[in-house]
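Let me begin by presenting the structure, written as structure tokens, before commenting on it.
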Amino acid sequence: MKSKKTFLKIQLLLISVGVLSAIQYNLPAQTKKTNLNKEIISIETGYTISKVRTVQNTDESYIIGSSYEGTVLGVSHIGEVLWENKLSGFMNHDLWCEDITGNGIDEILVANANGTVYCLNNNGELLWKFKQNDAPMYSVCTIKKGNENYVVCGGYDKSIYYLNSKGKQIKEISSYNYSVQSPWQPYPKAIPDSTCHIPNFIRKVKKANGKEILAVHGVIHTMALQARGSVYLFNPLENKPYKILKLEGKRPLGELRVIDSNNDGNEELIAGSTGMVHTASLLKVDLDNEKQHQFDINAIKNGIDKFGYRIAQPEVISDNGERKYFVLFGARVLLVPLDFNLNNTEVLAAKYSFNDMWKDEKTGNIVLASAQSGGSCIHIINTENKNWKTAYSNLEPKGKIAKILKNSKSLRTNLKKYKASNNERKPLPVYFMSENIPSTVKSLVEDIKTNYSSPVFLNGAGSDKEKWDRSGILNERYKKRRDGRMKYILSQDEILAKILPKYKNAQGISYWGGHGNDPYMYQLSTNKKILDGANGKKTVQIFPELEDHSDNFAYVMEDYFYPLAAHAKKKNGQIYVRTKHSFWQANVYLPMWSRLLSGEFSNVFVPSMEETTDKSMELSLASRLGIWTSGATDSWGSRCARDNTSYDRLRQHSHQMLPNHFLRTMVYQISYGAQYLHNFPVDQEYMSLLWELIAKGALYVPKRSEIVSFSPIHLSMLSPNEHFLEESSNTKWTTFYNQNFEENNPFVFSRLNGSWPGAAVTEWDFSNYAAGVKDRRLNFLAPYKNGMVLITPPQEGVFADVDAPRGKLTDHLHPMYKNIMKEYLTDGKDYFSKDGKDKFPPDTYYKTVENSIKENAKLLPITVEGDVAWVVAQTSPKHLRLTIIDNGYLNPNNRVANVTFNNIKPKKIVDILNGKNFEINKTKQVNINIPCGMFRFIDIELDKPLE
């Protein structure tokens, strides 16, 4: 933890060299006064701030910020960083600031994803910490009974805890003793225990008589109708709630504030939704009369953009003398009358969405956390200033957002001058399957189509679904299944009339062939006739969310998918398996998927992912690459969508307006050979940079036999352990945590269900020792510093399918791997010997695998360390392409990549876009700076061919 004194020294030093602006630090008194009266003050912190609160310090207040990495900062209203404390290095789920010691100065309470509550003093110094187990601590507040102050906290272990002001546990109240939540679902999948919940929010409520009560919002799910939950009202320290209120509405709540909106001394609950706009709402609960009032945000017709996943965060401000709710909703601010009058609601639109909002009760100012797109500022809105609304609409964050835009512009300028080397082969095609092309980029797309072979823009060909006789489907579950979002109104002929014309003036089409909710959206003969009507053009049939691993879906595979694949095999057709969770390291190794895994339909099936609600992206990437490199499929794909960032559906700040995180993810995955991309549009002018990178060949698309950054160690999957299979695909229930089970059952792949948002991975988890990530969050750009450790089908021993058409893994890899590959076997829980006779525990045997990965990394031509993702591919006999990407998915920054040359001798090292040359030091290393939010393509010329 750095103190204010230390920071002041650093600031003075940085100012002397021109790094920090004197406007932000050490301002003269008059400037301070002027700035505090400004409509909006933006404070650059250097961190991506995820949460903000305010602290009372005797007669003043200052701001508390919590960064994406979990660092807590104290920041003055004029931009002075008073202190910082990195705490555990894991994210913080909640902050609460209040005086619990009676000295008139607030303490700072932090609920951390590692299961700890930290208490900091006014200087950011740790006073105490409390931890019961590893389940993420999710909410924290304080409450007073008599003259005693108590801290109340709780999280994913399904209990709430009372602590005294020194952090000693006074009481535990298990939700099993009072919860009325009861899980159910209409299809066979594991569900958690009944009558328990997690505390989504714990908040104290002040009454006019001076007493305080505790409100606990309990939930068991993150998305379904059951996610709405109930509010349990407790008198302080009592074991049972005196009242339980079932909340009205249909979807989960991502915010719960306690506000005395009418100034009668009794606080009400004001809750905000989390999710899509069609379910967005506010809910006011009057605890005296138990009346509930809803405000439907979706009913606002003007000014609300209709896509994205947002939280409605309410406060009360004075707007020209009238008290109104100030509601932050993504990039919008809604000024809502206290009576929820829809017609009198005012909507303000900014360019960027923000991670959090808080009201400073001392000043009345609204404090915004950083822009969701990787910003680094804290913004203070003075709502007493008459110009604040215009200033909000025109807000252009400085700091990292400005850097990203500047760096992107610079890269684009350099790209215009770039010409691909004549030594490189013809580029492989990259297919954008349904790319939105607005008028602003239409000329660019036409230029690409005219002058370049790649990327290829397929036409999207959606339609309503088919109404057909399903009596021939022998499985009752799928005979009855329908997707409630769809209209089943068209005949086969009507569908063909809508879809087949889409082939005109295009190289092919893509469309939803079905969905996990209903694979039979079109009868088999309809999808076959669409393939026939293509006349050899490419057809990509998209099947999202094929999660079911029951016998019911085994029937679907034989009845529908394999016959469709056999037909597509001869018709230039692809079945794009856009599935979820751990499918490519679990479900695909079940018998029902054996024909895909064998390589029988290698030119048909395309492994892809819909990584929403997930927290294990580093595993899905290694798994898809393992399927592809094994020869099971000839290509693989990826997807970027708004809710890729929704790892925690109860807190969906997933409305990024600058898709820089999409750009870097695509660059990384394409540089690893992804060719089929199914992206959701956000800012197509910005994302068109990706199209140009592909067209001009700066972004090299390798064959699997050209990649030389795969680790010589690979992990091969057996039939998945049943618990691993269930847990890893059950990400929406919140109450699966079982301490006894966790302590006695280590897994190779662990903490994958809905109980672990942002949590630490175990020391023995593959994600830690192989991928180099430490938490269950958004690791799309994992470092894999010892090379990508592939997760593959078994290659040797009794588990290998030696007759599979796909052949051996080494048949498809670069020749250098021919005699250096080494395999370890797992079922997701334990490790196994090649003969299947011995089983090895993951919490000890992982050291064997980890040491093998480290030792064999020396056999790779290049390894890279740092907060970066990286790929190496051979572009010609004497040339390697090193792609390095800033790996801060939502917290981009300037990075340094430490590149080591192990068994090659570089002749020349140059950035292909800006021409910068690099020199190797005596230890055969070079450091390469990666600008914030960016990537670099480095050409390495060798003294002799790599073979």
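Residue numbering for the sequence shown is 0 to 946, as defined by numbering that gives the first Met the number 0.
Glycine included, C-beta positions come from ideal geometry on N, C-alpha and C.
Margin query: At the level of alpha carbons, what is the spacing between V801 and L717?
Written below: Against the sequence shown, residue 801 aligns to sequence position 802. Against the sequence shown, residue 717 aligns to sequence position 718. Distance from the CA of V801 to the CA of L717, rounded to the nearest whole angstrom, comes to 15 Å.
Next item on the list: Please name the residue in N778, L824 and R776 whose C-alpha comes closest to that of V797.
Entry: Looking up residue 797 in the sequence shown gives position 798. Answer by Cα proximity: L824.
Checklist line | For S727, the nearest candidate out of R750, N855, V707 and S708 (CA to CA) | finding: The residue given as residue 727 occupies position 728 in the sequence shown. Per the Cα distances, R750.
Margin query: Here's the rule: buried if 16 or more other CB atoms are within 10 angstroms of the residue's CB, otherwise exposed. What is L341?
Written below: To locate residue 341, count along the sequence shown from 1; it is residue 342. L341 is classed as exposed because its beta carbon has fewer than 16 other beta carbons within 10 Å across all chains shown.
Item checked: the stretch 881-901 contacting the stretch 915-935, beta-carbon criterion three pairs below 8 Å -> In short, these stretches touch, since the Cβ pair count reaches three.
Note to self: Closer than 8 Å is the cut-off here; do at least three beta carbon pairs connect the stretch 703-721 with the stretch 854-862?
What the structure shows: Judged by Cβ distances under 8 Å, the stretch 703-721 makes contact with the stretch 854-862, as three or more pairs qualify.
Checklist line | Start-to-end residues for the beta strand (DSSP E) that takes in R894 | finding: The residue given as residue 894 occupies position 895 in the sequence shown. Its beta strand (DSSP E) spans residues R894 to F900.
Note to self: Using a 10 Å radius around the Cβ and a threshold of 16 neighbouring Cβ atoms, would you call D834 buried or exposed?
What the structure shows: The residue labelled residue 834 in the question sits at position 835 within the sequence shown. Exposed is the call here.
Notebook entry, point to check: Among L489, V332, A401 and G932, which has the Cα closest to the Cα of L367?
Noted result: In the sequence shown, the residue the question calls residue 367 occupies position 368. Nearest C-alpha to L367: V332.
Checklist line | Residue nearest to E395 in terms of C-alpha spacing, selected from V666, A348 and T922 | finding: Working through the sequence shown from its first residue, we reach residue 395 at position 396. The shortest C-alpha separation from E395 is found at A348.
Notebook entry, point to check: Between which two residues does the alpha helix (DSSP H) harbouring E854 extend?
Noted result: As a position in the sequence shown, residue 854 is number 855, starting the count at 1. According to the DSSP assignment, E854 belongs to the alpha helix (DSSP H) that extends over P841 to N855.
Check: Within this structure, are the beta carbons of G69 and G88 separated by less than 7 Å?
Finding: The count along the sequence shown starts at 1 and reaches residue 69 at position 70. The count along the sequence shown starts at 1 and reaches residue 88 at position 89. Contact check for G69 against G88 passes: the beta carbons are separated by less than 7 Å.
Next item on the list: Identify which residue in L443, V80, M616 and M686 has its Cα closest to the Cα of C376.
Entry: Mapped onto the sequence shown, residue 376 falls at position 377. From the listed residues L443, V80, M616 and M686, the smallest Cα separation to C376 is found for V80.
Check: Thinking C-beta only, is K731 closer than 7 Å to N785?
Finding: Position 786 of the sequence shown, counted from the start, is the residue given in the question as residue 785. Position 732 of the sequence shown, counted from the start, is the residue given in the question as residue 731. In this structure, K731 does not lie closer than 7 Å to N785 by Cβ.
Check: What is the rounded straight-line gap between the Cα of K203 and the Cα of C195?
Finding: Position 204 of the sequence shown, counted from the start, is the residue given in the question as residue 203. Position 196 of the sequence shown, counted from the start, is the residue given in the question as residue 195. In this structure, the straight-line span from the alpha carbon of K203 to that of C195 is close to 21 Å.
Check: For T628, which of helix, strand or coil comes out of DSSP?
Finding: Here residue 628 corresponds to residue number 629 of the sequence shown, with the count starting at 1. Residue state, collapsed to three classes: helix.
Check: Count the other CB atoms within 10 Å of the CB of E762; is the residue buried (16 or more) or exposed (fewer)?
Finding: As a working mapping, residue 762 is identified with position 763 in the sequence shown. Only exposed fits E762, as fewer than 16 other CB atoms lie within 10 angstroms of its CB.
Notebook entry, point to check: Using the beta-carbon count (16 or more within 10 Å), is I99 buried or exposed?
Noted result: Translated into positions along the sequence shown, residue 99 becomes position 100. Classified as buried, I99 has 16 or more neighbouring CB atoms from the shown chains inside 10 Å of its CB.
Margin query: On a Cα-Cα basis, can you pick out the residue from M820, I169 and K205 that is closest to N265?
Written below: Position 266 of the sequence shown, counted from the start, is the residue given in the question as residue 265. Residue K205 is the option with its Cα nearest to N265.
Note to self: Cutting at 7 Å between CB atoms, please list the residues of its own chain near M787, excluding the five before and the five after it.
What the structure shows: Taking the sequence shown and counting its residues from 1, the one referred to as residue 787 is at position 788. Excluding sequence neighbours, M787 sits near A621, L624, S708, F709 and S710.
Check: Given a threshold of 16 other Cβ atoms within 10 Å of its Cβ, counted over all protein chains shown, does T449 qualify as buried or as exposed?
Finding: Against the sequence shown, residue 449 aligns to sequence position 450. Under this definition T449 is an exposed residue.
Check: Can you tell me the Cα-Cα spacing of K170 and K157, whole angstroms?
Finding: Your numbering for residue 170 matches position 171 in the sequence shown. Your numbering for residue 157 matches position 158 in the sequence shown. Cα-Cα distance, rounded: 14 Å.
Item checked: Terminal residues of the beta strand (DSSP E) in which S433 lies -> Numbered from 1 along the sequence shown, position 434 holds the residue referred to as residue 433. Looking at the DSSP string, S433 is not in any beta strand (DSSP E), and its letter there is neither H nor E.
Item checked: Which listed residue (Y451, E434, G248 and K350) has its alpha carbon closest to that of L676 -> For this step, residue 676 is matched to residue 677 along the sequence shown. The candidate whose alpha carbon is nearest that of L676 is E434.
Item checked: Assigned secondary structure, V332 (DSSP; H/G/I helix, E/B strand, else coil) -> Locating residue 332 in the sequence shown gives position 333, where the first residue counts as 1. DSSP, read as helix, strand or coil, puts V332 in strand.
Checklist line | Endpoints, beta strand (DSSP E) assigned at F353 | finding: For the purposes of this step, residue 353 is taken as the residue at position 354 of the sequence shown. From DSSP, F353 is part of no beta strand (DSSP E); its letter is neither H nor E.
Checklist line | Inter-stretch contact at 8 Å, needing at least 3 Cβ pairs: the stretch 598-618 / the stretch 764-778 | finding: Yes: at least three Cβ pairs fall under 8 Å.
Note to self: Only counting the same chain, and skipping five residues up and downstream in sequence, which positions put a Cβ closer than 8 Å to that of S524?
What the structure shows: What you label residue 524 is simply residue 525 of the sequence shown in a count that begins at 1. Contacts found: Q491.
Next item on the list: From the DSSP output, in three-state form, read off V326 for me.
Entry: Here the question's residue 326 lines up with position 327 in the sequence shown. Correct three-state label for V326: strand.
Notebook entry, point to check: For the 8 Å Cβ check, are there 3 or more pairs between the stretch 576-594 and the stretch 527-539?
Noted result: Touching, no.
Notebook entry, point to check: Nearest to I77 by alpha carbon, out of H378, F723 and L252?
Noted result: By 1-based counting over the sequence shown, the position of residue 77 is 78. When each option's Cα is compared against that of I77, the closest is H378.
Next item on the list: With DSSP as the reference, label L35 as helix, strand or coil.
Entry: Position 36 of the sequence shown holds residue 35. Helix.
Checklist line | Exposure of L12, with buried meaning 16 or more beta-carbon neighbours within 10 Å | finding: Indexing the sequence shown from 1 puts residue 12 at position 13. Because L12 carries a pLDDT of 32, less than 50, the predicted location of this residue cannot be relied on, and the following value inherits that uncertainty. Note on L12: under 16 other CB atoms within 10 angstroms of its CB, so exposed under the neighbour-count rule.
Item checked: Cβ distance (whole Å) where Y61 is taken to contact S75 below 8 Å -> Walking along the sequence shown from the start, residue 61 turns up at place 62. Walking along the sequence shown from the start, residue 75 turns up at place 76. About 5 Å separates the beta carbons of Y61 and S75, which is inside the 8 Å limit, making them a contact pair.
Next item on the list: Return the chain-ordered list of same chain residues with a C-beta closer than 8 Å to the C-beta of T141, the five sequence neighbours on each side being excluded.
Entry: What you label residue 141 is simply residue 142 of the sequence shown in a count that begins at 1. When the five nearest sequence neighbours on each side are left out, the beta carbons in the same chain lying within less than 8 Å of the beta carbon of T141 are those of W95, E97, I99, L108, N148, Y149, V150, V151 and K203, in order along the chain.
Item checked: Where N767 sits in the DSSP three-state scheme -> Sequence index remark: in the sequence shown, residue 767 carries index 768 (1-based). The answer is helix: DSSP assigns N767 an H, G or I state.
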